[in-house]
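*Asks:*
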Amino acid sequence: MPIAPGHRLPDFEAEGIDGQLISTRRYYLRSGLVVVFTHAWPCAACRAYLSELDQHLPEFRAERMEVLAIVPLVRTLVVDWGERVPRFPIALAEGSELHRRFGWLVGEETPAAALLVADDTGTVWQAWNAGDGHELPDIGELLAWVRYVSYQCPECWETSRW
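Residue numbering for the sequence shown follows this note's numbering, beginning at 796 and increasing consecutively.
1. Between A835 and P867, how many whole angstroms is the CB-CB distance? I'm expecting something under 8 Å.
2. For A857, report the span of its beta strand (DSSP E) as first-last.
3. Please name the residue in F807, V912, L900 whose C-alpha comes closest to that of Y943.
4. Between the Cα of E854 and the Cα atoms of Q947, R882, L938, which residue gives the shortest distance?
5. Return helix, strand or coil for W940, following the three-state DSSP convention.
6. Determine the direct distance from the alpha carbon of L828 to that of L804, and round the result to whole angstroms.
7. Could you give the residue range of the beta strand (DSSP E) that holds E878?
8. Using the beta-carbon count (16 or more within 10 Å), is Q766 buried or exposed?
9. Assign Y822 to one of two classes, buried (16 or more other C-beta atoms within 10 Å of its C-beta) or exposed (fewer than that).
10. State the Cα-Cα distance for the pair I885 and H929, rounded to the nearest angstrom.
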């Protein structure tokens, strides 16, 4: 069953494109998350979507949201990003295991493209499953959800109380 609004984001760790360990626990009570699941690498459309997200990264961060991408390595061992690697963490997942944990597979083994928005407690507010297509929300719609989720916790903005 795919993860859905109201569900809790499962904790996971994975190696990043830069060799660093990425853990969802480090975001808990610090920032919300926009988690993007791509098709198996290489997928030109998924890569273009991640590049577009990177162009709007300051807008996400202004709303206390971080972007995290999950890229499954099914038939390749290396990700050659090319000219400009996105500034947000990209977790490299061996096979389709992380996609399976979130319920985002096409058939039994093929990783689906998907995206979710979770608050700083790990509660999912919105999720999109594009399956084997690329029908993920445009940046405007995604930013609207990010702002909506961010505004649900006005006390989080009162940094003087910490």
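For glycine and all other residues, C-beta sits at the position ideal for the given N, C-alpha and C.
What you are looking at is a predicted structure, and each value in this text was computed from that prediction instead of being measured.
*Replies:* Working from what's here:
1. For the purposes of this step, residue 835 is taken as residue 40 along the sequence shown, with counting starting at 1. For the purposes of this step, residue 867 is taken as residue 72 along the sequence shown, with counting starting at 1. Contact holds; Cβ gap of about 5 Å.
2. Indexing the sequence shown from 1 puts residue 857 at position 62. Counting along the chain, A857 falls outside any beta strand (DSSP E), though it belongs to the alpha helix (DSSP H) covering 852 to 857.
3. By 1-based counting over the sequence shown, the position of residue 943 is 148. It is V912 whose Cα lies nearest to the Cα of Y943.
4. Here the question's residue 854 lines up with position 59 in the sequence shown. If we check each option's Cα against that of E854, L938 comes out closest.
5. Position 145 of the sequence shown holds residue 940. Helix, per DSSP.
6. Looking up residue 804 in the sequence shown gives position 9. Looking up residue 828 in the sequence shown gives position 33. In this structure, the straight-line span from the alpha carbon of L804 to that of L828 is close to 10 Å.
7. Position 83 of the sequence shown, counted from the first residue, corresponds to residue 878. Per DSSP, E878 belongs to no beta strand (DSSP E) and is neither H nor E.
8. Outside the shown range of the chain (796 to 957) lies residue 766, about which nothing can therefore be said.
9. Here residue 822 is taken as the residue at index 27 of the sequence shown, counted from 1. That one is buried.
10. Along the sequence shown, read from residue 1 onward, the residue named residue 885 stands at position 90. Along the sequence shown, read from residue 1 onward, the residue named residue 929 stands at position 134. Those two C-alpha atoms are separated by around 18 Å.
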